[in-house]
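In my numbering, the protein residues as written are 61 to 321. C-beta atoms are modelled at their ideal positions from N, C-alpha and C, and glycine is treated no differently. The next block holds one structure in the form of structure tokens; read it before the comments.
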Amino acid sequence: MCATCGCSDGPGVRVIDPAVQHDHGGHLHGGHGHGHSHDHDTPAAGVTVALEIDILARNDDLAAVNRARLAELGVTALNLMSSPGAGKTTLLERTIRDVGAELPCTVLEGDQETLLDAERIRAAGARAVQINTGAGCHLDADMVAEGLRVLAPAPGSLLFVENVGNLVCPALFDLGESARVVIMSVTEGADKPLKYPHMFRTADLVLLTKVDLLPYVEFDVDAFVSGARRARPGVEVLEISATRGDGLAGWYRWLGAHPST
Ligand SMILES: Nc1nc2c(ncn2[C@@H]2O[C@H](COP(=O)(O)OP(=O)(O)OP(=O)(O)O)[C@@H](O)[C@H]2O)c(=O)[nH]1
Ligand SMILES: [Mg+2]
């Protein structure tokens, strides 16, 4: 897991509101990525395991605080997770343009570097704050707490949290979200739920996207759905295309029906 993948040794996290280009970051020293020991000796395996448990336990505590704060505001937070490039931001842009007026929303954007995704969301018509994780490969609850402070979502609104593109580590970190949406595109291979089961195990909804490309790639939709349901029995799977519009009515229905806690 993450404490062994190298992401804990990178430069500081930055939380940036592109509307004001003001950097709120570089000071999230309590979260994952900064809770490591500064003893540069290689730790024994037992020490490493204990550290990982500490990181996740601390994250869970902070996630509970986020969840309580979001519930108080009546804000529904959705944690969107996928591989890099699966289509998270494209789906959010389309969603904001199609139903942003009826479903007011804001976005926390997680990426290692750049403000590109936050700028895309702003251009689509919603407020967004970018969290740059540096070498980090996932968002954690501490980063989201800071992002929430800067973003200040309106009571009763929808909050999309676009996690860092990665099918492994984001699954381990509760952010305080109401639900988890896992997005997979048809160009990634139908075997992914079997190979990355942790990502699918906690999914509340699976979106199979880029179905407009199905005529051009080998992808067994039934095998994908059964793999996803092996990891998460009964999980709803919607087939969509964010560019052509297939299946989006079902996604918008799911968004409209989703409770805020
Ligand atoms: N054909 C097709 N292309 C899509 C679809 N959705 C996204 N794309 C393309 O896929 C590429 C990646 O899309 P993004 O929305 O940036 O993906 P992402 O998951 O936000 O990427 P990261 O934030 O970097 O992890 C872009 O070239 C999109 O135009 C789709 O439904 N169909
Ligand atoms: Mg993106």
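Neighbour-count burial assignment, Val242, 16 or more Cβ in a 10 Å radius:
buried
Quick one: residues in its chain with C-beta nearer than 6 angstroms to the C-beta of Glu296, no 5 flanking neighbours on either side, listed in chain order?
Leu265
Sequence-ordered residues whose beta carbon comes within less than 6 angstroms of a heavy atom of ligand 2
Lys148, Thr149, Asp177, Glu222
At which residue ranges does the segment 175–223 contain complete beta strand (DSSP E) runs of 3 or more residues, listed in the order of the chain?
187–192, 218–222
Answer yes or no: do Leu140 and Asp200 have a C-beta to C-beta separation smaller than 9 angstroms?
no
Going by DSSP, what residues sit across from Asp264 in a beta bridge?
In the DSSP output, where bridge partners are listed per residue, Asp264 has none listed.
Quick check on the DSSP output: the alpha helix (DSSP H) that includes Leu152 runs from which residue to which?
148–159
By DSSP, does Glu299 sit in helix, in strand, or in coil?
Three-state DSSP puts Glu299 in a strand.
Suppose the cutoff is 7 angstroms on Cβ atoms and the five residues either side in sequence are ignored; what does the same chain contact list for Arg127 look like?
Gly236
Spatial neighbours of Arg157 within its chain, please: CB distance less than 7 angstroms, with the 5 preceding and 5 following residues excluded, ordered by chain position.
Taken in chain order, the residues that qualify are Ala184, Gly185.
Taking the DSSP output, what are the residues bridged to Met244?
DSSP lists Leu268 as partners of Met244.
Same chain, Cβ closer than 8 angstroms to Gly249, neighbours up to 5 away in sequence not counted:
Phe279
Where the alpha helix (DSSP H) containing Asp282 begins and where it ends:
281–291
Do the segment 129–148 and the segment 207–226 meet, that is, are 3 or more Cβ pairs less than 8 angstroms apart?
yes
With a CB to CB cut of under 7 angstroms and the five nearest residues on each side skipped, what residues in its chain are close to Lys270?
Gly147, Ser245, Val246, Thr247, Ser301
Work out the CA separation of Arg118 and Leu111 for me, nearest whole Å.
10 angstroms
Which of helix, strand or coil does DSSP assign to Arg304?
coil
Can Thr155 be considered in contact with ligand 1, in the sense that its beta carbon sits closer than 8 angstroms to one or more heavy atoms?
With a cutoff of 8 angstroms, Thr155 does not count as near ligand 1, since its C-beta is closer than that to no heavy atom of the ligand.
Near Glu273, which residues of its chain fall below 7 angstroms by C-beta distance, leaving aside the five closest residues on each side in sequence?
Checking the sequence shown, residue 273 turns out to be Leu, not Glu. Within its own chain, the residues whose Cβ lies closer than 7 angstroms to the Cβ of Leu273, once the five positions on either side in sequence are excluded, are Val246, Thr247, listed in chain order.
Taking the CB atoms as reference points, tell me whether Leu232 and Ser143 lie closer together than 9 angstroms.
no
For Glu169, list the residues DSSP reports as bridge partners.
Gln190, Glu222
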